[in-house]
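Okay, so here's the structure we're looking at.
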Amino acid sequence: MSGPQAPVLWEVVDPTSDAARQILTEYFDDIVGRYWGRPATPTEVATAMTDEPSDDLQVPTGLLLVGSVDGTPVACGGVRLVGGGVGDLTRIFVSPAVRGRGLGAGLVARLEALAVEAGVRTLRLDVRADLAQARSLYQRLGFVDVPRFSDARYADHWMAKELTAPAQTSSAPTV
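Following this note's numbering, the numbering of the sequence shown begins with 10 at its first residue and continues without gaps.
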């Protein structure tokens, strides 16, 4: 990457693309390692990716957004289309190399806008207790705690946000 402030190119990608596989592997490495409190092994990452597939994050069941700097994927996030105007936010990740630039907030804002375009009125998510920074970000972005809506094995908190108008990506930091 050419520097910490290099621009990010955002694009919706197929979850089986090289860029998606690269950033999703980094995502799973991060969350599995945080869960165990130590670096994840390649086998643990591969198992997590098999147990929690991302294949449905493509039309017509969802989408996967990847942010790249100089051709290197550095962030990702997805929306799973549940039906009835509901979408689930998932796979939200910003690589440690580019954290602190507002990419998380910008990523979620872009996903909100794409969700609205797909007919989503309520965007939900679940999050583990150990991912306190992520939960704090979601709260700052207007997500509120809601009753449990899934049996996700690793979830401790459930949140949602009503999307009544297109998300304003212009208020997100320019990256």
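The beta carbon of each residue, even a glycine, is placed where N, CA and C say it ideally should be.
Within a Cβ cutoff of 6 Å, which residues of the same chain sit near residue i, ignoring the five residues on either side of it in sequence?
i    : result
V107 : V83
V1   : Within the shown structure, residues of the chain are numbered from 10 to 184, placing residue 1 beyond reach of any answer.
V58  : One point to set straight first is that residue 58 is Met, not Val, in the sequence displayed. Here the set comprises F37.
A161 : D135
R157 : W167
G42  : P48 and A49
Here's the rule: buried if 16 or more other CB atoms are within 10 angstroms of the residue's CB, otherwise exposed. What is residue i?
i    : result
T50  : exposed
G93  : exposed
D154 : exposed
T99  : buried
V68  : exposed
P24  : buried
D97  : buried
E121 : buried
A141 : exposed
To which residues of the same chain is residue i closer than 8 Å at the C-beta, ignoring the five residues directly before and after it?
i   : result
L18 : G76, S77 and V78
W45 : E53
Can you list, in chain order, the residues of its chain whose CB lies under 7 Å from that of residue i, leaving out five sequence neighbours each side?
i    : result
S104 : E35, V83 and A84
G71  : D65, G87, V88, R89 and L90
Would you list the one or two residues that DSSP bridges to residue i?
i    : result
R110 : R110 pairs with nothing; no bridge assigned.
L134 : M168
V21  : L74
V153 : A169
Open item on the list: If contact is defined by three or more beta carbon pairs under 8 Å, each pair taking one atom from either stretch, is the region 120-140 in contact with the region 159-172?
Closed with: yes
inquiry  = Below 8 Å, how does it come out for the region 109-122 and the region 60-69: are there three or more Cβ pairs, yes or no?
reply    = no
Discussion item. Runs of 3 residues minimum, wholly inside the region 51-102: which ones carry the beta strand (DSSP E) assignment?
Written reply: 71-78 and 81-92
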